[in-house]
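The opening position of the sequence shown corresponds to residue 48 in the numbering used here, with each subsequent residue numbered one higher. All C-beta atoms, glycine included, are put in the ideal place defined by N, C-alpha and C. No experiment lies behind these values; they were computed from the predicted model shown. See structure below.
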Amino acid sequence: MDSKEVLDSSIRSASYNILLQITFRIITFALNAFIIHYVDVGVLGLLNVRFYLLFSTILFVSREPFRRVCQSCSKRDDWRKVINLVWLTVISTIISACVFSWIWLNVLSWPEGELAEKYRSSVLAISFSCILEFFFEPVYVFSQAFMYIKLRVVIDSLGMLLRVLGMAVTVYLAPQYAVEAGYFGQVGVSILYLCGFWGFFYYEFWRRKKNDEPALPIQSLSGFLPKFSAGEEVLD
Numbered sequence: 048m049d050s051k052e053v054l055d056s057s058i059r060s061a062s063y064n065i066l067l068q069i070t071f072r073i074i075t076f077a078l079n080a081f082i083i084h085y086v087d088v089g090v091l092g093l094l095n096v097r098f099y100l101l102f103s104t105i106l107f108v109s110r111e112p113f114r115r116v117c118q119s120c121s122k123r124d125d126w127r128k129v130i131n132l133v134w135l136t137v138i139s140t141i142i143s144a145c146v147f148s149w150i151w152l153n154v155l156s157w158p159e160g161e162l163a164e165k166y167r168s169s170v171l172a173i174s175f176s177c178i179l180e181f182f183f184e185p186v187y188v189f190s191q192a193f194m195y196i197k198l199r200v201v202i203d204s205l206g207m208l209l210r211v212l213g214m215a216v217t218v219y220l221a222p223q224y225a226v227e228a229g230y231f232g233q234v235g236v237s238i239l240y241l242c243g244f245w246g247f248f249y250y251e252f253w254r255r256k257k258n259d260e261p262a263l264p265i266q267s268l269s270g271f272l273p274k275f276s277a278g279e280e281v282l283d
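Set out below in structure tokens:
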């Protein structure tokens with residue numbers, strides 16, 4: 048990409064992100080205003096505070112350092128080493144999920160009443176969704192390096208819509224299952240991200256090959272898998 052294309056992509060990225068954030072805030076406000084009439088405030092606090100904090104903490108600790116390093120190396124010609132580095136996050140993700148799940152279950156106080164019966168399964172489901180999020184990380188890093196902005200915007204929007212619709216329908220028809228809707232919704236969104244990113248690049252590689260378009264540094268889905276050689280450094 049030349050400097051003009053990079054600038055245009057950056058402007059589009061900023062515009063999409065602003066629009067996306069505004070949409071998220073409006074949908075979140077409308078959702079909370081709706082479900083507060085059908086579920087207890089304690090349930091809402093459990094979903095929007097405890098579970099969200101667990102989810103964001105695991106991902107930040109396990110993924111953010113690697114993501115910053117990989118994005119700074121995204122202009123390298125040797126993408127195999129970058130992909131190898133991304134896959135090393137599997138260790139930090141699993142460790143972080145286990146550690147913070149243990150803290151949420153054994154250090155922090157549990158909710159009272161009926162919520163206590165659902166608390167353990169909820170924490171484990173949220174941790175599982177974090178591990179699922181890891182498996183599209185190589186594709187995500189590659190997509191951001193090559194300015195696939197619309198891909199992220201579309202998947203983020205679909206994920207929000209899936210979560211909102213699932214929660215809204217559940218709290219309206221069966222408010223006693225609001226907690227289950229919260230963590231099942233998060234797992235569903237993680238699966239959507241996983242299928243969305245991998246599915247898009249399966250189509251993108253096929254389309255470029257069919258139309259004889261310039262090839263990307265990675266030309267097949269197998270290029271997103273780790274390939275280590277004995278004695279080879281992961282990254283220079």
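- In this structure, Val-133 lies away from Glu-180, with their beta-carbon atoms at least 8 Å apart.
- At the C-beta level, Phe-175 and Val-234 come within 8 Å of one another.
- Buried is the label assigned to Tyr-240, since at least 16 other Cβ atoms lie within 10 Å of its Cβ.
- In this structure the segment 89-106 touches the segment 150-166; the number of beta carbon pairs closer than 8 Å is three or more.
- Comparing alpha carbon positions, the residue from Ala-225, Lys-274 and Gln-191 closest to Ser-169 is Ala-225.
- Taking a cut-off of 8 Å for Cβ pairs, the segment 240-260 and the segment 195-205 touch, as three or more such pairs fall below it.
- For Asp-125, there are no CB contacts under 7 Å within the same chain when 5 residues up- and downstream are skipped.
- Listed in chain order, the non-local C-beta contacts of Ala-215 below 8 Å within the same chain comprise Leu-78, Phe-81 and Ile-82, local neighbours out to five positions each way being set aside.
- Residue state for Ser-237 is assigned as helix, using DSSP reduced to three classes.
- Under the three-state reduction of DSSP output, Lys-128 falls in the helix class.
- Per DSSP, the continuous alpha helix (DSSP H) segment holding Leu-91 begins and ends at 88-92.
- According to the DSSP assignment, Trp-151 belongs to the alpha helix (DSSP H) that extends over 136-153.
- Shown here for Ser-109: same chain residues with a beta carbon closer than 7 Å to its own, the five before and five after excluded, namely Thr-136, Ser-139, Thr-140 and Ser-143 in chain order.
- Between the alpha carbons of Ile-130 and Phe-193 lies a gap of roughly 14 Å.
- Judged by DSSP secondary structure, Gln-191 falls within the alpha helix (DSSP H) whose first and last residues are 184-192.
- Rounded to the nearest angstrom, the gap between the Cα atoms of Ala-172 and Leu-101 is 11 Å.
- In this structure, DSSP gives Ile-173 a helical state, which the three-state scheme calls helix.
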